[in-house]
Every structure is written in structure tokens, then in C-alpha cells.
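Peer 1:
In my numbering, the protein residues as written are 286 to 650.
(1) Straight-line CA distance for residue 590 to residue 450?
(2) Under 8 Å: do the stretch 485-494 and the stretch 587-605 share three or more Cβ pairs, one atom per stretch?
(3) Using alpha carbons as the reference points, say which of 586, 581, 593, 627 lies closest to residue 643.
(4) Tell me the rounded alpha-carbon separation between residue 297 and residue 533.
(5) State buried or exposed for residue 447, treating a residue as buried only when at least 16 other CB atoms are found within 10 Å of its CB.
(6) How about residue 479 and residue 325: are their beta carbons less than 8 Å apart?
(7) Would you call the CB atoms of residue 409 and residue 349 closer than 8 Å?
(8) Should residue 668 and residue 592 be called a contact, given that it needs their Cβ atoms to be closer than 8 Å?
(9) Should residue 316 and residue 290 be called a contact, given that it needs their Cβ atoms to be closer than 8 Å?
(10) In terms of residue numbering, what span does the alpha helix (DSSP H) encompassing residue 297 cover?
(11) Just list the alpha helix (DSSP H) runs in the stretch 569-621, keeping only unbroken ones of 4 residues or longer that don't cross its boundaries, in chain order.
(12) Give the single residue among 434, 313, 373, 347 whose Cα lies nearest to the Cα of residue 333.
(13) Taking the continuous beta strand (DSSP E) assigned at residue 373, which residues delimit it?
(14) For the beta strand (DSSP E) that contains residue 334, what are its first and last residues?
(15) To which residues of the same chain is residue 387 closer than 7 Å at the C-beta, ignoring the five residues directly before and after it?
(16) Check whether the stretch 409-419 touches the stretch 427-446, taking contact to mean three or more Cβ pairs, one atom from each stretch, closer than 8 Å.
(17) Excluding sequence positions up to five away, which residues of its chain have a Cβ less than 7 Å from the Cβ of residue 321?
(18) Buried or exposed for residue 403, going by 16 or more other Cβ atoms inside 10 Å?
(19) Does the Cβ of residue 292 have 16 or more other Cβ atoms within 10 Å, making it buried, or fewer, making it exposed?
(20) Out of 629, 624, 539, point me to the one whose CA is closest to residue 481's CA.
(21) By alpha-carbon positions, which one of 494, 588, 437 ends up nearest to residue 405?
(22) With a threshold of 8 Å between beta-carbons, can residue 442 be considered close to chain D, or not?
(23) Quick check on this structure: which residue in 493, 594, 585, 519 has the alpha carbon closest to the alpha carbon of residue 378?
(24) Terminal residues of the continuous beta strand (DSSP E) containing residue 390?
(25) Leaving aside the five residues before and after residue 648 along the sequence, list all residues of the same chain whose C-beta is less than 8 Å from its C-beta, in chain order.
(26) Helix, strand or coil for residue 414? Go by DSSP, reduced to three states.
(27) My assumption, with CB atoms under 8 Å, is that residue 498 sits in contact with residue 519. Please give the rounded CB distance.
(28) DSSP on residue 313, reduced to helix/strand/coil?
(29) Here's the rule: buried if 16 or more other CB atoms are within 10 angstroms of the residue's CB, otherwise exposed. What is residue 353?
(30) Could you tell me whether the Cβ atoms of residue 300 and residue 530 are closer together than 8 Å?
(31) What does the alpha-carbon distance come out to for the pair residue 546 and residue 437?
(32) Which residue from 600, 474, 502, 631 puts its Cα closest to that of residue 307?
(33) Closer than 8 Å by C-beta to residue 302: which residues in its own chain qualify, once you throw out the five before and the five after it? Chain order, please.
(34) Tell me whether residue 355 sits in a helix, a strand or coil according to DSSP, three-state version.
(35) Using beta-carbon positions only, say whether residue 513 and residue 501 come within less than 8 Å of one another.
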């Protein structure tokens, strides 16, 4: 944060400087730690640091993951295709969460290569999310850190929307736009009022101390000694408190400088690019799909759009015409026999498929 010096003048208070320059009290103490032990003790002629006013605009969002297209970007066409009767070696079998237990997909080496690329892309998005979550400011951090994190969350949402993990917001929903605008305005107002709340709290504290002295009675000791102590406090302490009160009351009543919250508008350039690319075949599905790989023995996570493309558009993830053996094994609850049943179904399928040795070994485990 860039700072500029400020020369303390006679009669200045730290909270008053903050209100005058529209800087919250916590930020002032962060920039000037020498006043943290006693914020009320500042000396005229000393210099403290104030943040340089600047228009805060979020940095340009980078998009590390491109949306899923209907055709693979680097895929090259060919005028010839392998014979339809050629056997296809199955390297892995995957189950998709949310689908029937006897419905699974058979993947060739080529399909697995694209799956690995998609897993890496999805992992990149997960890491972006983890980075923002782990960097969340603590409750006692300054407004600047909170605002910076809010911008990071906004940038993360843009990345996830662009990559197809989150659905795009409905820009024609005016109610949502107005609600967001009001939320931003309220947040800006709360920030501006923070210093005045501190000033009002100080005024209340001083008034309570004055009232306590004036209402002091002889709960202990004699009436004479109580009257002497009360007179001494009224003559020595109350004038100091009233002088301090005279400094704080104007600060508590000082009009708050209006603040215009920065509301991020829709990135028309990015939005236009997205729509233009959709004409070239962006798969319009959002979300994340969970898979279980037989050969790897682990759960995998990919974008829903990729799953839609491979299973329903490109059909590179093959299904079986009949899954009789695996269905019977599931009906019996015979988990041990399920792997062998899947291998039998693949062998009996109408389309010629071969189970790779590695997959066969894992299915028979």
C-alpha cells in the first residue's frame, strides 16, 4: 500500500485524522504501529503515514482453463478411418456418479489421454479455488485486505464461469443486479461509518465518566470525606474530561464523506468472445462430474461439459449393448464377482472389444 506523510497539528486526534481523510482506524494503526499502545497519545509536530488515495480497480482476470469445445482443439481430421471390424482395446472402465450402477464406460488409450488432460485442467481450477480460500483475511485485518480478497473471489467466479464449472449469471435479471448494487453501497457505507462509531463510543465513555463523578455519593466513608473527594474530582478531573469531550463530539457528528462503491460491470469483451466461440461449438453444460476408475482405483473429477462431449457428442467413451453379467452380479450383491462380470460383458459385446492385460488384472482382483 502506497503511503504519504501527514504532519500532526495541535488539537489533532488519531480518530479525527482518520475521519477527515476517510481512512478507517484499523488501517491507521496498521500503518503507524507506534501509536498502537496508546492511540490517544499523539504529539503535534510528529509525522504519521496515511494511505495514498487511489481508485481501486481489479486487475485483469487471467483465464487459465479454456471452455470445453464440441471438437478437440488440436484434433486433426483424417480421410481414412480404421476398419469398423477392427478390435478396440479397452484400457480402463469408469463409473459415473449419478448413473445406474450397471452403467459404465469403456475407454481406449486415446480416450484416456484426453481424460488425463481434462483431469489436469480441472485440478488447475481446484487449485485456483484453494488459493483464494486459504488467503481469506482474518477478522481483525484491515478493510484493504478484505476488499482485495473480495476482488479475488470475483476473479475466481469469472474463471469458473468461463471454464464451465459454474453457470453463467442471468444478466437480464434486474432484481439481482439491483441487489448486488445495494450490497456494495451498504458495504461502502459501513466502512465509512466505522470511524464515527468509534468516535460515538468515545463520547459515550466520557459522558459516563462525568456522570459517575457528579453522581458520586458516600457509599463508603463519611459524608465529609466524600464531599471533599467529589469536589476535588469536579474541580480537577471533570474540566479535563469536558475538554476531551469537546474534541470528540464534533468528530462524532462530522458528516461522512460520500463513497461511490466500485461495482464490477459485465466484461463485454469476454462475454462477446464466449458467445462467438459458442457458435463454434462450446458445450453448454456447467458443473463437475465424479468418476471412479477401475484401472486406477481412485475417484476422478472432470468438468460436466467434458463428460457430455465424450459420452454424447464424440461418443469416444463406449458403452455396452448388454450388461447382463454385471447386472446379475450387482443384483446378487456379489462385489467380488463384479470385475469378472464386467470383463465377460465386454467380451460378449456386439462390437469387437478387447480387455487390456492391465485392466483384466484389476477387474479380476
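Heads up, the beta-carbon is just placed ideally off N, CA and C, and yes, glycines get one too.
Peer 2: On the basis of the supplied data:
(1) 8 Å
(2) no
(3) 581
(4) 10 Å
(5) buried
(6) no
(7) Going by C-beta atoms, residue 409 is nearer than 8 Å to residue 349.
(8) Residue 668 lies beyond the residue range present for the chain, which begins at 286 and ends at 650; the question has no answer from this structure.
(9) no
(10) Unbroken run through residue 297: none, as it is neither H nor E.
(11) 589-593, 609-617
(12) 313
(13) 373-375
(14) 332-336
(15) 608, 611, 612, 615
(16) yes
(17) 314
(18) buried
(19) exposed
(20) 539
(21) 588
(22) In the structure shown, chain D does not exist; there is a single protein chain.
(23) Out of 493, 594, 585, 519, 585 has the C-alpha closest to the C-alpha of residue 378.
(24) For residue 390, the enclosing beta strand (DSSP E) has its first and last residue at 389-392.
(25) 378, 579, 624, 625, 627, 628, 640
(26) helix
(27) 6 Å
(28) Helix, per DSSP.
(29) buried
(30) no
(31) With a pLDDT of only 45 at residue 546, under the threshold of 50, the placement of this residue in the model should not be trusted, and no figure is reported.
(32) Looking only at 600, 474, 502, 631, the smallest Cα-Cα distance to residue 307 is reached by 474.
(33) 291, 293, 308, 313, 333, 335
(34) coil
(35) No, the pair does not count as a contact, with Cβ atoms beyond the cut-off.
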